[in-house]
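Undergrad: In the numbering used here, the protein residues as written are 2 to 615.
Cβ coordinates follow ideal geometry from the N, Cα and C atoms, glycine included.
Here you go, one structure.
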Amino acid sequence: MCAIAGLFGTRPIDPSPVAAMARSMTHRGPDAHTVRRYGGKQPYAALAVERLAIVGLSNGSQPAADPSGRFRVALNGEIYNHAQLRTTLTGNGVVPTADSDTAVIAALIALNGLERALEMAHGMFAMAILDTQERHLTLVRDRMGVKPLHWTQLPDGTVAFASELRGLLAHPTIQPSIDPVAIQQFLMFEYIPTPRTVWSGIHKLEPGTWKRFSASGIDHHRWWTPPVFMPGRQGSFERWAKSLHGVLQVAVGLRASADVPIGYLLSGGLDSASVAAIAASRSSEPIRTFSLAVEGEGFDESDAAAQLAAHIGAVHQSATLTAADLEPTLDALSLHMDEPLADSSLVATWKLMELVQSAGLKCVQSGDGADESLGGYPTYLAHQLARPALPARALLRFATDRLRVRTEGVTADYMARRFVDGLGHEWPQRHQIWMGAWLPIELGADDQLWTECNAHADGAGSDTIGRAMYLDQRLYLSDGVLVKVDRAAGAHGIEVRSPFLDHSVVELAAQMGTGHHVRGKQGKRVLRRAMVGLLPNQTVTAAKKGFGTPIGPWLRGPARHLLDGIEERTQEWIDPNRLRQCVTEHTQGIADHRRRLWTAIILGRWRHGPHGSA
2 MCAIAGLFGT
12 RPIDPSPVAA
22 MARSMTHRGP
32 DAHTVRRYGG
42 KQPYAALAVE
52 RLAIVGLSNG
62 SQPAADPSGR
72 FRVALNGEIY
82 NHAQLRTTLT
92 GNGVVPTADS
102 DTAVIAALIA
112 LNGLERALEM
122 AHGMFAMAIL
132 DTQERHLTLV
142 RDRMGVKPLH
152 WTQLPDGTVA
162 FASELRGLLA
172 HPTIQPSIDP
182 VAIQQFLMFE
192 YIPTPRTVWS
202 GIHKLEPGTW
212 KRFSASGIDH
222 HRWWTPPVFM
232 PGRQGSFERW
242 AKSLHGVLQV
252 AVGLRASADV
262 PIGYLLSGGL
272 DSASVAAIAA
282 SRSSEPIRTF
292 SLAVEGEGFD
302 ESDAAAQLAA
312 HIGAVHQSAT
322 LTAADLEPTL
332 DALSLHMDEP
342 LADSSLVATW
352 KLMELVQSAG
362 LKCVQSGDGA
372 DESLGGYPTY
382 LAHQLARPAL
392 PARALLRFAT
402 DRLRVRTEGV
412 TADYMARRFV
422 DGLGHEWPQR
432 HQIWMGAWLP
442 IELGADDQLW
452 TECNAHADGA
462 GSDTIGRAMY
472 LDQRLYLSDG
482 VLVKVDRAAG
492 AHGIEVRSPF
502 LDHSVVELAA
512 QMGTGHHVRG
522 KQGKRVLRRA
532 MVGLLPNQTV
542 TAAKKGFGTP
552 IGPWLRGPAR
562 HLLDGIEERT
572 QEWIDPNRLR
582 QCVTEHTQGI
592 ADHRRRLWTA
602 IILGRWRHGP
612 HGSA
């Protein structure tokens with residue numbers, strides 16, 4: 002985990018703002034601050050890095066150069082197989098200039114070219130690569146979009162980039178306006194899909210792509226193509242389970258390589274349990290695990306996490322999230338909310354990062370990414386029911402409107418109502434409605450709301466379950482889950498590594514056939530089989546609960562005051578009368594509007610500050 006920032010121009014630039022751009026992101030890399038200018042008295046580029054030292058502690062400063070000095074690389078993230086790549090380089094007579102993974106990738110680019118170097122790298126990264134000979138800048142993002150990178154062009158043509166939006170906004174000439182379509186997308190999806198940001202004219206670099214800026218213009222290139230899920234049940238289920246176990250062993254092992262101690266996040270569910278159990282089986286000493294106890298019926302998995310930690314012999318630590326923690330935690334995370342993000346589990350994730358930080362660790366592994374590649378969400382089953390259920394939509398609406406409203410986790414009545422909301426829409430829109438907060442009709446949304454969604458859907462294939470998983474990888478995972486983790490971890494100077502995001506795991510999962518992943522009412526079947534014998538049976542067979550925060554019941558009770566004045570703070574984008582109705586219905590237990598209300602709270606705080614007014 003680091004922060005990178007910089008400026009590049011085809012003519013001389015003013016490099017002076019770069020230091021402030023980087024300093025605005027010091028929380029991501031508190032170990033070192035470096036700014037370098039290129040071009041002598043008439044600089045054409047400046048690169049800055051706020052470094053969190055994980056690999057090459059003593060001589061891993063950035064930007065790193067290749068042995069010839071032609072390429073200068075600033076990197077946020079980690080190249081997990083850097084040791085193997087170093088061996089390859091030395092075998093070819095190339096000695097990297099430092100012990101860091103950044104120096105390795107710089108040397109690899111010089112030896113093999115950018116495309117081949119990226120293909121060889123296992124990792125999570127966002128990179129800025131300056132070619133001092135050809136005088137061009139290339140911005141690169143990893144395959145799954147684990148590490149963020151934002152860019153824009155100034156009025157004079159200078160390119161500016163930064164790991165976080167605040168890094169760009171620290172430049173004195175960047176004063177963007179709010180993108181109204183992005184606000185609608187946030188209210189609908191709970192996040193803003195790439196390449197759009199909340200600010201007009203500022204963009205997120207897409208996962209698996211690079212952009213090159215030179216005197217010839219801007220060149221965009223996709224260097225990794227996401228795999229489309231195969232339909233049916235390809236090959237042997239047992240063999241796939243063994244293969245998955247094998248690639249997970251390698252992925253966990255690669256992510257255990259660091260010059261600092263590594264901990265493991267443990268929610269109590271299958272995904273994080275799989276990572277921790279594999280790590281424990283590979284370690285000669287007890288691993289350290291961290292979990293969160295949540296005060297709320299249907300949300301707490303701390304007992305399961307503690308039992309699992311005992312099963313694998315881990316040294317376990319836990320913290321507790323209560324209703325009293327909600328507002329101060331929300332105040333803290335609001336300060337790092339460069340653009341609105343309404344995944345309520347960010348609150349729980351924030352508290353978990355506080356625990357890891359207090360334990361003195363700055364690197365952990367997690368189970369993020371398993372659901373989207375291995376079939377973990379109930380929406381995948383729901384798509385199979387959507388077409389036969391459509392003729393009975395009115396009857397289903399009548400029935401679901403009469404279900405008792407419950408708030409203990411993601412309840413059956415909530416999912417049933419949302420299922421009916423999505424009926425009658427094309428599959429990409431239906432899927433996003435099931436996963437989201439407000440409905441398009443409630444926002445008066447135009448067709449631009451679906452631009453990014455439709456673009457991904459066009460390449461998702463024809464398999465019912467597979468295309469939903471593909472869409473979740475490209476949208477919900479990349480722009481929701483991973484942004485949540487990156488912001489919470491980055492704010493606490495912690496790096497989070499997930500083996501399920503290794504491209505070998507993702508590509509293998511796509512080859513298996515969705516029928517092996519999801520069958521009947523059970524998801525993640527291959528993963529469950531792969532972990533038999535390493536995990537307790539109750540963990541392997543347990544239904545998915547999810548890692549969340551009891552926003553629904555808390556807004557009805559101890560956190561009701563967070564809704565005070567919310568209509569005024571969001572009236573620019575949400576109909577105040579409709580929002581007022583949602584507040585009334587939710588607080589009186591008539592309906593469950595937790596997700597609508599939480600997006601409104603987040604938007605109001607993002608626009609007006611934690612305690613601001615309209």
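1. Can you tell me whether DSSP reads Y192 as helix, strand or coil?
2. Locate the alpha helix (DSSP H) running through F238, then write down its first and last residues.
3. Count the other CB atoms, across all protein chains shown, that sit within 10 Å of the CB of V96; report buried if there are 16 or more and exposed otherwise.
4. For the beta strand (DSSP E) containing M125, name the first residue and the last one.
5. Who are the Cβ neighbours of S319 in its own chain at under 8 Å, not counting the five residues just before and after it?
6. Is the region 222-241 touching the region 479-492, taking contact as three or more C-beta pairs under 8 Å?
7. Find out if the Cβ-Cβ distance for the pair P341, W607 is shorter than 7 Å.
8. Taking just the CA atoms, how far does R197 sit from V19?
9. State the start and end residues of the unbroken alpha helix (DSSP H) segment that holds G516.
10. Mind checking who Q366 pairs with in its DSSP beta bridge?
11. Counting beta carbon pairs with one atom in the region 349-364 and one in the region 329-340, are three or more of them shorter than 8 Å?
12. What ranges does the alpha helix (DSSP H) occupy inside the region 5-44, keeping only unbroken runs of at least 4 residues that lie completely in it?
13. The beta strand (DSSP E) that contains S319, what's its start and end?
14. Using C-beta distances below 7 Å, list every residue in its chain close to R256, excluding the 5 sequence neighbours before and after it, in chain order.
15. Can you find the residues in the same chain that come closer than 6 Å, C-beta to C-beta, to L245, ignoring five residues on each side of it along the sequence?
16. Along the alpha helix (DSSP H) that carries W211, what are the first and last residues, could you check?
17. Under three-state DSSP, which class holds R581?
18. In chain order, which alpha helix (DSSP H) runs of at least 4 residues are fully inside the region 96-180?
19. Classify E135: buried if its beta carbon has 16 or more other beta carbons within 10 angstroms, exposed otherwise.
20. What residues in its chain sit with their C-beta under 8 Å from that of I55, if we drop five residues either side in the sequence?
21. Here's the rule: buried if 16 or more other CB atoms are within 10 angstroms of the residue's CB, otherwise exposed. What is V533?
22. At the level of alpha carbons, what is the spacing between F548 and S346?
23. Starting from S346, trace the alpha helix (DSSP H) both ways and give me its first and last residue.
24. Measure from the alpha carbon of L444 to the alpha carbon of each residue in M145, F190, D102, H34, then state which is nearest.
25. Put D220 into one of helix, strand or coil per three-state DSSP.
26. Count the other CB atoms, across all protein chains shown, that sit within 10 Å of the CB of N77; report buried if there are 16 or more and exposed otherwise.
27. Mark I219 as exposed unless 16 or more other C-beta atoms lie within 10 angstroms of its C-beta, in which case mark it buried.
28. Give me whichever residues DSSP pairs with L536 in a beta bridge.
29. For I617, is the classification buried or exposed, using 16 other Cβ atoms within 10 angstroms of its Cβ as the cut-off for buried?
30. State the DSSP-derived secondary structure class of W200, mapped to helix, strand or coil.
31. Can we say the region 202-220 touches the region 139-158, given the rule of at least three CB pairs closer than 8 Å?
32. Check whether the Cβ atoms of Q63 and T27 lie closer than 7 Å to each other.
33. Looking at the strands, I want to know which residues DSSP matches up with R52.
34. Using the rule of at least 16 other Cβ atoms within 10 Å of the residue's Cβ for burial, across every protein chain shown, is R117 buried or exposed?
35. Any contact of the region 272-282 with the region 383-403, i.e. 3+ C-beta pairs under 8 Å?
36. Inspect the CB distances between the region 539-546 and the region 170-186 and report whether three or more fall short of 8 Å.
TA: With the structure as the only source:
1. coil
2. 238-256
3. exposed
4. 124-132
5. F291, S292, L293, A294, S303, A306, A307, L356
6. no
7. yes
8. 23 Å
9. 515-518
10. Y265, R498
11. yes
12. 19-24
13. 316-322
14. Y81, Q366, R498, P500
15. V527, A531
16. W211 -> not in any alpha helix (DSSP H); beta strand (DSSP E) instead, spanning 210-215.
17. helix
18. 102-113, 115-121, 166-170
19. exposed
20. M2, E79, A259, D260, V261, K363, C364, E496
21. exposed
22. 6 Å
23. 346-359
24. F190
25. strand
26. buried
27. exposed
28. V533
29. The requested residue 617 does not occur in the structure, where the chain is confined to residues 2 to 615.
30. strand
31. yes
32. no
33. C3, A33
34. exposed
35. no
36. no
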